[in-house]
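Undergrad: If you read the sequence shown in our numbering, its first letter stands for residue 5, the second for the next number, and so on. Where is the CB? At the ideal position from N, CA and C, for every residue including glycine.
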Amino acid sequence: MFESVAARPNDPIMVVMEQCKADTRPEKIDLGVGVYKDASGNTAILKSVKMAEQMWGREETTKTYVGTIGNQDYCQDMLELMLGKDSAVLTEGRVGAAQTAGGSGALRLGAEVLKVAAPDATVWASTPTWANHIPLITDAGMRMDSYPYYNRETLGVDFEDMLSHLDTHAKRGDIVLLHGCCHNPTGADLSPAQWDRLAPFMAERGLFPFIDLAYFGLGRGMDEDTYGLRKVIETCPEVLLAASCSKNFALYRERTGLIAAITQTADKAAALKSQFGAIQRKLISMPPDHGAAIVTRILRDESLRNIWVGELDEMRERMLGLRQLLSDAMNVQGGEAMAAAIKNQNGMFSTLPLSPDHAARLREEHAVYLMPSGRINIAGANTSNIPRLAEAILAVL
Ligand SMILES: Cc1ncc(COP(=O)(O)O)c(C=O)c1O
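As structure tokens, this is what we get:
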């Protein structure tokens with residue numbers, strides 16, 4: 005049976021992780037894997053999560069199934085967090101949502117629903133985009149294409165090219181996949197003014213927004229990081245939203261996400277919710293409970309919520325501080341463009357103008373690990389190794 009089955013090549017991120025793990029040089033700097041790390045290099049469990057888990061441990065009375073659409077209290081709390089408590093689409097009942105297995109599960113479920121709603125449409129993604137977007141969406145049977153986004157010379161967003169490309173090539177009813185904030189892998193986000201132009205552009209051209217919000221709260225702040233999402237929801241009649249609690253609640257392995265469809269009527273929201281349930285049933289039957297139960301506990305308990313907000317602020321501010329330090333250290337002749345970009349970009353990632361050869365030299369000569377694409381995870385650095393990191397990057401360039 006398995007004679008014809010070959011092993012698959014390792015994911016590039018796994019290769020970098022393994023190389024870094026095997027490196028015994030004590031000064032090594034790991035900017036590869038996309039998880040938040042504290043100043044000691046640990047991906048710790050948040051205090052708010054630990055406290056909620058202890059309470060939940062005492063209160064939990066059953067392990068019976070959560071149902072195909074998962075925990076609806078969690079969905080409501082998350083939607084209020086992202087859209088605002090008084091969001092018109094929430095008060096009008098125009099959102100159908102389901103709990104999913106992480107943001108990846110949400111993207112897959114979203115793509116499956118698109119296959120039901122618009123099987124002939126194309127999903128347009130930024131160049132570059134998170135590598136896993138492509139298999140998650142194409143394996144659901146959707147066609148994908150790409151629009152220009154990140155300019156590796158200016159290290160900024162080619163916004164006019166993005167609009168003109170979509171204007172020329174995307175047809176009415178096509179889907180545009182957008183990173184709500186903290187673009188992975190570049191860290192280059194749309195400004196509020198660009199979202200203000202993009203939203204009516206999409207509405208006028210009949211383009212359908214599919215927003216991936218995997219890092220909200222970790223860019224510039226909760227309001228800033230949801231600005232684009234809210235603007236698009238205000239402007240476009242229908243939206244699909246995939247969200248994740250992996251990073252902002254540090255619940256990575258608990259697989260906690262959400263898919264939501266913003267529709268034109270409450271009846272359609274109910275229809276979409278039932279589609280999410282029916283499709284999730286075919287894929288994984290039901291989402292896991294734990295992460296969503298913890299998020300709900302935190303968001304409904306004022307004291308836990310305040311602790312979580314403080315922890316989120318701390319993660320975000322640490323990364324902004326590291327960005328500032330790295331930017332200052334790179335702001336020398338030849339490093340000015342990188343210095344400016346690193347400071348202006350958001351979240352964990354930046355993509356620097358480094359080739360796979362540069363990445364190999366950084367690894368071999370300086371014990372600095374990053375993706376061959378030039379992506380760095382700023383949270384992997386710390387205040388004491390930033391000067392050496394800046395020198396190493398400038399040296400290989
Ligand atoms: C852009 C983006 N979307 C979605 C996800 C999904 O995250 P998860 O499935 O771990 O919640 C990630 C994770 O790295 C991501 O970077």
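Entirely within the stretch 123-205 and at least 4 residues each: give me those alpha helix (DSSP H) ranges in chain order.
TA: If we require 4 residues or more, the alpha helix (DSSP H) runs fully inside the stretch 123-205 come out as 137-142 and 163-173.
Undergrad: Just verifying my parser: in three-state terms, what is the DSSP assignment at F6?
TA: The residue given as residue 6 occupies position 2 in the sequence shown. Residue state, collapsed to three classes: coil.
Undergrad: Are the stretch 322-333 and the stretch 364-384 touching, with three or more C-beta to C-beta distances below 8 Å?
TA: Yes, since at least three Cβ pairs between the stretch 322-333 and the stretch 364-384 fall closer than 8 Å, the two stretches touch.
Undergrad: Within the stretch 216-254, note down every full beta strand (DSSP E) run reaching 3 residues or more, in order along the chain.
TA: Those beta strand (DSSP E) runs which fall completely within the stretch 216-254 and span 3+ residues are 243-248.
Undergrad: Starting from the N-terminal side, write out each stretch of the beta strand (DSSP E) that is 3 residues or longer and does not extend beyond the stretch 353-383.
TA: 353-355 and 379-381, all fully within the stretch 353-383.
Undergrad: What three-state label does DSSP hand G338 in the structure shown?
TA: Within the sequence shown, the letter at position 334 stands for residue 338. Three-state DSSP puts G338 in coil, outside helix and strand.
Undergrad: Using alpha carbons as the reference points, say which of S307, L393 and L356 lies closest to K51.
TA: Mapped onto the sequence shown, residue 51 falls at position 47. The candidate whose alpha carbon is nearest that of K51 is S307.
Undergrad: Can you say whether Q279 is buried or exposed, counting buried as having 16 or more other CB atoms within 10 angstroms of its CB?
TA: As a first step, residue 279 must be located in the sequence shown, where it is residue number 275. Buried.
Undergrad: Find out if the Cβ-Cβ distance for the pair L94, L83 is shorter than 7 Å.
TA: Reading the sequence shown from its first residue, position 90 is the one you call residue 94. Reading the sequence shown from its first residue, position 79 is the one you call residue 83. Going by C-beta atoms, L94 is nearer than 7 Å to L83.
Undergrad: Are the CB atoms of T267 and R98 nearer to each other than 7 Å?
TA: Walking along the sequence shown from the start, residue 267 turns up at place 263. Walking along the sequence shown from the start, residue 98 turns up at place 94. Yes. Within cutoff.
Undergrad: Within 10 angstroms of the Cβ of F353, are there 16 or more other Cβ atoms? Answer buried if so, exposed if not.
TA: Reading the sequence shown from its first residue, position 349 is the one you call residue 353. F353 is buried by the Cβ-count criterion.
Undergrad: So, D171 versus A125, is the Cβ gap smaller than 7 Å?
TA: Locating residue 171 in the sequence shown gives position 167, where the first residue counts as 1. Locating residue 125 in the sequence shown gives position 121, where the first residue counts as 1. No; because the gap between Cβ atoms is not below 7 Å, this pair is not in contact.
Undergrad: When you compare only the Cα positions, how much space is there between G338 and L358?
TA: By 1-based counting over the sequence shown, the position of residue 338 is 334. By 1-based counting over the sequence shown, the position of residue 358 is 354. Going by the C-alpha atoms only, they are around 13 Å apart.
Undergrad: Quick check on the burial criterion: 16 or more other C-beta atoms within 10 angstroms. Buried or exposed for I325?
TA: For the purposes of this step, residue 325 is identified with residue 321 of the sequence shown, where counting begins at 1. Inspection of the sequence shows that residue 325 is occupied by Gly rather than by Ile. Looking at its Cβ environment, which holds fewer than 16 other Cβ atoms inside 10 Å, G325 is exposed.
Undergrad: Are the beta-carbon atoms of S248 and A218 separated by less than 7 Å?
TA: In the sequence shown, the residue the question calls residue 248 occupies position 244. In the sequence shown, the residue the question calls residue 218 occupies position 214. A contact, by the Cβ cut-off of 7 Å.
Undergrad: Using 6 Å as the cut-off, classify the Cβ of D216 as near or not near the heavy atoms of ligand 1, replying yes or no.
TA: Position 212 of the sequence shown, counted from the first residue, corresponds to residue 216. Answer for D216: yes, Cβ within range of ligand 1.
Undergrad: Should T415 be labelled buried (16 or more other beta-carbon atoms within 10 Å of its own) or exposed?
TA: Not covered by the structure: residue 415. The range shown for the chain is 5 to 401.
Undergrad: Whole angstroms are fine: how far does the CA of I141 sit from the CA of M290?
TA: Stepping through the sequence shown from its first residue, residue 290 is reached at position 286. Stepping through the sequence shown from its first residue, residue 141 is reached at position 137. Between M290 and I141, the C-alpha separation is close to 20 Å.
Undergrad: Between the beta-carbon of L356 and the beta-carbon of M342, is there less than 7 Å?
TA: Counting from 1 along the sequence shown, the entry for residue 356 is found at position 352. Counting from 1 along the sequence shown, the entry for residue 342 is found at position 338. Yes; because the gap between Cβ atoms is below 7 Å, this pair is in contact.
Undergrad: Looking at I263 and A246, is the spacing between their C-beta atoms short of 7 Å?
TA: Translated into the one-based positions of the sequence shown, residue 246 becomes position 242. Translated into the one-based positions of the sequence shown, residue 263 becomes position 259. The answer is yes: Cβ separation under 7 Å.
Undergrad: Would you identify the three-state DSSP class for G38, choosing helix, strand or coil?
TA: Indexing the sequence shown from 1 puts residue 38 at position 34. Residue state, collapsed to three classes: coil.
Undergrad: Is the beta carbon of G295 sitting closer than 7 Å to the one on T260?
TA: In the sequence shown, counting from the first residue as 1, residue 295 sits at position 291. In the sequence shown, counting from the first residue as 1, residue 260 sits at position 256. Yes, the Cβ-Cβ distance between G295 and T260 is below 7 Å.
Undergrad: G38 and M21 - do their beta-carbons sit closer together than 7 Å?
TA: As a first step, residue 21 must be located in the sequence shown, where it is residue number 17. As a first step, residue 38 must be located in the sequence shown, where it is residue number 34. No; because the gap between Cβ atoms is not below 7 Å, this pair is not in contact.
Undergrad: At 4 residues or longer, and completely inside the stretch 21-97: list those alpha helix (DSSP H) runs for me, N to C.
TA: Runs found: 51-63, 76-87 and 92-95.
Undergrad: With contact counted as at least three CB pairs below 8 Å, one residue from each stretch, are the stretch 205-221 and the stretch 178-191 in contact?
TA: Yes: at least three Cβ pairs fall under 8 Å.
Undergrad: I think I33 touches N389, with their Cβ atoms under 8 Å apart; what is that distance to the nearest whole Å?
TA: For the purposes of this step, residue 33 is taken as residue 29 along the sequence shown, with counting starting at 1. For the purposes of this step, residue 389 is taken as residue 385 along the sequence shown, with counting starting at 1. The pair is a contact, with the Cβ atoms about 5 Å apart (cut-off 8 Å).
Undergrad: Beta carbon of S108: closer than 6 Å to some heavy atom of ligand 1?
TA: Working through the sequence shown from its first residue, we reach residue 108 at position 104. Yes - ligand 1 has a heavy atom lying nearer than 6 Å to the Cβ of S108.
Undergrad: Note down the Cα distance separating D165 from W199, rounded to an integer number of angstroms.
TA: Looking up residue 165 in the sequence shown gives position 161. Looking up residue 199 in the sequence shown gives position 195. In a straight line, the C-alpha of D165 is about 15 Å away from that of W199.
Undergrad: Could you give the distance in angstroms between the alpha-carbon of I73 and the alpha-carbon of K277?
TA: As a position in the sequence shown, residue 73 is number 69, starting the count at 1. As a position in the sequence shown, residue 277 is number 273, starting the count at 1. Rounded to whole angstroms, I73 to K277 spans 7 Å at the Cα level.
Undergrad: Looking at the secondary structure, which residues open and close the beta strand (DSSP E) in which V104 lies?
TA: As a first step, residue 104 is located in the sequence shown; it is residue number 100 there, counting from the start. For clarity, residue 104 is Thr in the given sequence; the question names Val instead. That run of the beta strand (DSSP E) goes V99 to T104.
Undergrad: What are the complete alpha helix (DSSP H) segments, minimum 4 residues, inside the stretch 288-347?
TA: Complete alpha helix (DSSP H) runs here, min 4: 294-304 and 306-334.
Undergrad: Please report the residue range of the alpha helix (DSSP H) in which L393 lies.
TA: Counted from its first residue, the sequence shown places residue 393 at position 389. L393 -> alpha helix (DSSP H) spans I390 to V400.
Undergrad: Put A275 into one of helix, strand or coil per three-state DSSP.
TA: Against the sequence shown, residue 275 aligns to sequence position 271. Helix.
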